[in-house]
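Following: one structure in C-alpha cells, then a few remarks.
Number of protein chains: 2
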Amino acid sequence: MANSHNPSGEDSLIARYFKPLATDPGAFGLVDDAAILRSSGEDIVVTTDAVVEGVHYLADDPPGTIARKALRVNLSDLAAKGAVPAGFVLTLALRSKEDIWLRPFADALGEDAKAFACPLLGGDTVSTPGPQMISITAFGRVPQGRMVGRTGAKPGDRILVTGTIGDAALGLDVLKGGVIAQALASDLHAREMLTSRYRVPQPRNALALAVREHATAAMDVSDGLAGDLTKLCAASGVSAIIEVASVPLSAAAASLVARNAVGIEMPLAGGDDYEVLCTVPAARSDALVTAGRAAGIAVTAIGTIVEGSERPRFLDSQGKELALKRLSYSHF
Amino acid sequence: MANSHNPSGEDSLIARYFKPLATDPGAFGLVDDAAILRSSGEDIVVTTDAVVEGVHYLADDPPGTIARKALRVNLSDLAAKGAVPAGFVLTLALRSKEDIWLRPFADALGEDAKAFACPLLGGDTVSTPGPQMISITAFGRVPQGRMVGRTGAKPGDRILVTGTIGDAALGLDVLKGGVIAQALASDLHAREMLTSRYRVPQPRNALALAVREHATAAMDVSDGLAGDLTKLCAASGVSAIIEVASVPLSAAAASLVARNAVGIEMPLAGGDDYEVLCTVPAARSDALVTAGRAAGIAVTAIGTIVEGSERPRFLDSQGKELALKRLSYSHF
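See the structure below:
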C-alpha cells in the first residue's frame, strides 16, 4: 500500500481494514509499496474501472454494496475476456475514514475477494473533499494469446447474452424515485430485485472458460446493450441484427414493458447490466448455452452478426426496425 | 479503455488524446476493455498511486506537470523495487474535458511514457463534480523473486539516498506563499528550482538495476525521509542512525537551513521527494555510488542500520540526537 501522507493514520487504517484481504503472498501483507504478480508464461489480463459516488452508486447506498460493485464491475470485464481472476489493487478516495463506513465496506470487499478468488494485492488511500471514488485495477490470467477480444466477430456468428438485460437501469430509476418507482409503488419485491441488480452486479466469472472456449468476440455490457454491441461490431468491422423479442428480460422488466410503463428502449440502452455479450459460431451456440446451464447462468441467443458497417439493427417480432433514440446511458 | 457511460463522448476523447500513447500491442489501441501484459516467467511488479487536486498537486499547476507527476510517482516506486517499467493503466476523474487542459496533459503524459519506456495499456475516464484525481497503476518486470522489498535491511548495512532531500516540501511552501516564499522573495531561480521539484519528481529508474543488484531493502521517499525510513526499519525489524550533516540538500535548501529560515526538520520530514532510499551491505556501498555516478544520479550514504526496534535516531555533527517533532508530511 502506498502511504499518501499520513503514515500513522493510513497505516493503521490499512492494517485494521484491509490487511486481512491481502491473502496472496505477492501482497507482502501490504507492508510494501508494491506487489508481485507471479506468472509462468501465461498472459496477464489487466482491466481498470472506477466507480464514483453520485455517478455509479448513490451516496446513501450501503457501503457493502458499494464495495461489491467496485470489485464486480472489474470481475465482469475479466469474465468477458475469458480470464481467471488473479488479484486486484484498490485506490480509495475517501472523505472520512469512519469505522461505520469502512468496516462494512472492507468486510464485503473481503467476502467478494474470497468468493471470486481475487485477493487484494495493494492499493492507495487518499483524502478528497469531493465525491468518494473507488478505482480498482484487476488482473486475470489466460493462456498466451487466448484473451477474448472485441475484434473477432464474423458474419454468421450468433450473438449471445447472459442473465437479463435492463434491470439495473430500472433499479436506478427506482432508487431515484422516477417513473418506475411509481409504476411499482405496490410491488416491494420487484423494487428490491431491480435495485439490488443496480447495486450488486452478478459477474459471470463461472462462464469465463466457456467464453474463452467458444466466443469469437466478447465484452461485458456496462453502458447499455445497444451501445456496447455497436462498439463490438465497429471493432470487428461487422454489423448485427437483434431480435428484440429474444432479449432476455426479468419478469419485472417484461411486465413494465408490457404495461407500457417503460419503452423497450430503456432496457436496451440502460447501463450497469454487467452481463457478458459475446459472438459464437452458429454451430457452437448451443454448447455455450449448455455450459451456462451447468454453471447456473442463463445464456440467450438474441441475434446474428451480418456483413456491413452500419449500426446494428433492432427488429421487433414483425421484423420491423426499432428506431432507438439512444444507445447508451450517458454520464460523462 | 472502459467506457463509463458516454460511449460517443468518451470514445472520442480517448481516440483524440490517449490512443497515441497506447503503443504496446497489448493495449489493442484502447479499443478493448482490457489489456494484455505478456510475461515470460518473470515477476510482474504492481504499484498504484493516486494524485488528488489540492492534495498532491495544486489546481492551477500546469496540466503537463500534473500528468508527469501522476506517472512519475509510480515510476519512482518501480525504480525503488529494482523493476524495469512495462506499462501503466490510468483512471482520470475529471470535471471537464476541455482541450485546453487535456491536450497538454496527454502530450506530457505521452512524452514521459516514451522517455521511461512505460506505455499506456488502458484506463477509465469518469466525471466528478469534486476535485480532479488521477490514479495510475504501473507495472514493472523483475527476474523471479528479485523484487527489492522493505524487509531485508541488516545491522551494519549503510543507508543511501539518491538526489537531494526536502526540495519538494520547500517548493510546496513557495507555491502556497508560505515562509519559504518570503525568505526567497528575491531569489527567483531558487523558487523555480524548488517548485519544479514539487511539481515534477525525477524518478530514479536509471538506477533500478543497480538497486536490484546491491540493495538489501529499498523504497522511494514519498512521505518524508524520517517517516519512510521508520517504516523500512519497522518492516526489517531493525533501527538506524542517521548522520544529519550527511543528508544531501540542494544549495537552496542548505542556504535556507543555514539562515534559520527553516528548521532541518522540514527537509527531513517533508514529503514528495521521490528519491530512492535503500540499505546496502557496507562493502557494496561504494559500488552503488559508482553506479549512480555512471547514471548521472547522486547517491549519498547518510547513516547505518543498527540492531533494535526503536525509531531511527537522527544525530547532528556533534553526535547529539535531534528531537524531530514530526516524521512525515500528513494529509490524510
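First to last, the protein sequences are chains Y and G.
The numbers in full-length UniProt numbering rise by one with no breaks, and the one at position 193 of the first sequence is 193.
The numbers in full-length UniProt numbering rise by one with no breaks, and the one at position 68 of the second sequence is 68.
Ideal placement from N, C-alpha and C gives every residue a C-beta, glycine not left out.
In this text the structure is predicted, and so the values were computed from the model without any measurement.
List the DSSP bridge partners of Thr128(Y). Note: Thr128(Y) is not bridge-paired with any residue in the DSSP secondary-structure output.
Would you check if the distance between the CB atom of Ser236(Y) and the CB atom of Thr304(Y) is smaller than 8 Å? No, these two residues do not count as a Cβ contact at 8 Å.
Any beta carbon from chain Y within less than 8 Å of Lys81(G)'s own beta carbon? True, the Cβ-Cβ gap to chain Y drops below 8 Å.
May I have the straight-line CA-CA distance separating Lys19(Y) from Val238(Y), to the nearest angstrom? Roughly 47 Å separates the two Cα atoms.
Under a CB-based cut-off of 8 Å, is Pro203(Y) close to chain G? Not a single C-beta of chain G is nearer than 8 Å to the C-beta of Pro203(Y).
Once you ignore the five residues that flank Arg204(G) on each side, which residues in its own chain have a CB closer than 6 Å to its CB? The residues are Ala79, Thr162, Val276 and Ile297.
Whole-number beta carbon distance between Val84(Y) and Gly140(Y), since they are thought to touch under 8 Å: Contact annotation, Gly140(Y) with Val84(Y): C-beta distance approximately 6 Å; criterion of less than 8 Å satisfied.
Could you pull the start and end residues of the alpha helix (DSSP H) that Cys233(G) belongs to? Start and end: Leu225 to Ser236.
List in chain order: all unbroken alpha helix (DSSP H) runs of 4+ residues lying wholly within the segment 29-95 of chain Y. Runs found: 63-80.
Minimum Cβ-Cβ distance from Phe28(Y) to chain G less than 8 Å: Yes, its Cβ sits closer than 8 Å to a Cβ of chain G.
Since Gly130(G) meets chain Y, which of its residues come closer than 8 Å, beta carbon to beta carbon? Close partners of Gly130(G) in chain Y (Cβ separation under 8 Å): Thr128, Pro129, Gly130 and Pro131.
Quick one, which of Ala301(G), Thr137(G), Ser96(G) and Pro25(G) has its alpha-carbon nearest Ile44(G)'s? With distances taken between Cα atoms, Ile44(G) lies closest to Thr137(G).
I believe Asp272(G) touches Ala169(G) by the beta-carbon criterion, under 8 Å. Please report the beta-carbon distance rounded to the nearest angstrom. That belief holds up - the Cβ atoms of Asp272(G) and Ala169(G) are roughly 6 Å apart, short of 8 Å.
Helix, strand or coil for Met147(Y)? Go by DSSP, reduced to three states. Correct three-state label for Met147(Y): coil.
Does the structure place the segment 107-121 of chain Y close enough to the segment 142-158 of chain Y that three or more beta carbon pairs sit under 8 Å? Fewer than three beta-carbon pairs drawn from the segment 142-158 of chain Y and the segment 107-121 of chain Y are found closer than 8 Å, and the two stretches are therefore not classed as touching.
I'd like to check one pair, Arg197(Y) with Asp220(Y): are the Cβ atoms closer than 8 Å? If you check the CB distance, Asp220(Y) and Arg197(Y) do not come in under 8 Å.
Spatial neighbours of Leu194(G) in its chain, beta-carbon cut-off 7 Å, leaving aside the 5 residues before and after: Short of 7 Å from the beta carbon of Leu194(G), and not among the five residues preceding or following it, lie these beta carbons of its own chain, in chain order: Asp167, Leu170, Gly171, Val174 and Ala252.
Would you mind sorting Ile159(G) into buried or exposed? The rule is 16 or more other CB atoms within 10 Å of its CB. Buried.
Determine the chain G residues that contact Arg38(Y) at a beta-carbon separation under 7 Å, and present them in chain order. In chain order, Asp43 make up the part of chain G whose C-beta sits under 7 Å from the C-beta of Arg38(Y).
By the 10 Å Cβ neighbour count, where 16 or more other Cβ atoms means buried, how is Ile100(Y) classified, buried or exposed? That one is exposed.
Cβ separation of Ile302(G) and Ser246(G), assumed to be a contact under 8 Å, to the nearest whole Å: Cβ atoms of Ile302(G) and Ser246(G) come within 8 Å of each other, at about 5 Å.
Determine the closest residue to Cys233(Y) out of Ser309(Y), Ser222(Y) and Ser285(Y), with distance taken between C-alpha atoms. Ser309(Y) is the residue among Ser309(Y), Ser222(Y) and Ser285(Y) whose C-alpha sits nearest the C-alpha of Cys233(Y).
Nearest-angstrom Cβ-Cβ length linking Asp33(Y) and Asp77(G), presumed shorter than 8 Å: Going by Cβ atoms, the distance from Asp33(Y) to Asp77(G) rounds to 5 Å, so yes, they are a contact pair.
Per DSSP, cross-strand counterpart(s) of Leu277(G): Leu277(G) has Val161(G) and Met219(G) as its beta-bridge partners, per DSSP.
C-beta neighbour in chain G for Leu121(Y), strict 8 Å: By this cut-off, Leu121(Y) is an interface position.
What's the call for Ser317(G), buried or exposed, on a 16-neighbour Cβ count within 10 Å? With fewer than 16 other Cβ atoms within 10 Å, it is exposed.
Taking the alpha-carbon positions, what's the Leu102(Y) to Leu75(Y) distance? Distance between Leu102(Y) and Leu75(Y), taken at the CA atoms: about 21 Å.
Name, please, each residue of chain G whose Cβ falls closer than 8 Å to the Cβ of Thr216(Y). Under a criterion of Cβ atoms nearer than 8 Å, no residue of chain G is adjacent to Thr216(Y); the nearest Cβ is some 14 Å distant.
Taking Leu94(Y) as the reference, give the member of Gly130(Y), Gly64(Y), Cys118(Y) and Phe116(Y) with the closest Cα. Looking at Gly130(Y), Gly64(Y), Cys118(Y) and Phe116(Y), the one whose alpha-carbon comes closest to that of Leu94(Y) is Gly130(Y).
On the DSSP letters alone, give me the boundaries of the beta strand (DSSP E) that Phe314(Y) sits inside. Following the DSSP letters along the chain, one finds Phe314(Y) inside the beta strand (DSSP E) bounded by residues Arg313 to Leu315.
Measure the alpha-carbon distance for Lys320(Y) versus Val244(Y) and round it to whole angstroms. Lys320(Y) and Val244(Y) have their alpha carbons spaced roughly 10 Å apart.
Taking the Cβ atom as the reference point for each residue, do Ala291(Y) and Leu188(Y) lie within a distance shorter than 8 Å? Against a cut-off of 8 Å, the Cβ pair of Leu188(Y) and Ala291(Y) comes out as no contact.
Would you give the residue range spanned by the alpha helix (DSSP H) that Gly303(Y) belongs to? First-last for Gly303(Y): Val299 to Val306, but that is the beta strand (DSSP E), not the alpha helix (DSSP H).
For Arg313(Y), I'd like the list of residues in its chain whose CB is within less than 8 Å of its CB, leaving aside the five on either flank, ordered along the chain. Cβ within range, chain order: Ser239, Ala240, Ile241, Ile242 and Glu321.
Same chain, Cβ closer than 6 Å to Glu98(G), five either side skipped, listed in chain order: Contacts found: none.
Just to make sure I have the definition right: I need the residues of chain G whose C-beta is within less than 9 Å of the C-beta of Arg150(Y). Which are they? Those are Phe28, Val31, Asp32 and Asp33, listed as they occur along chain G.
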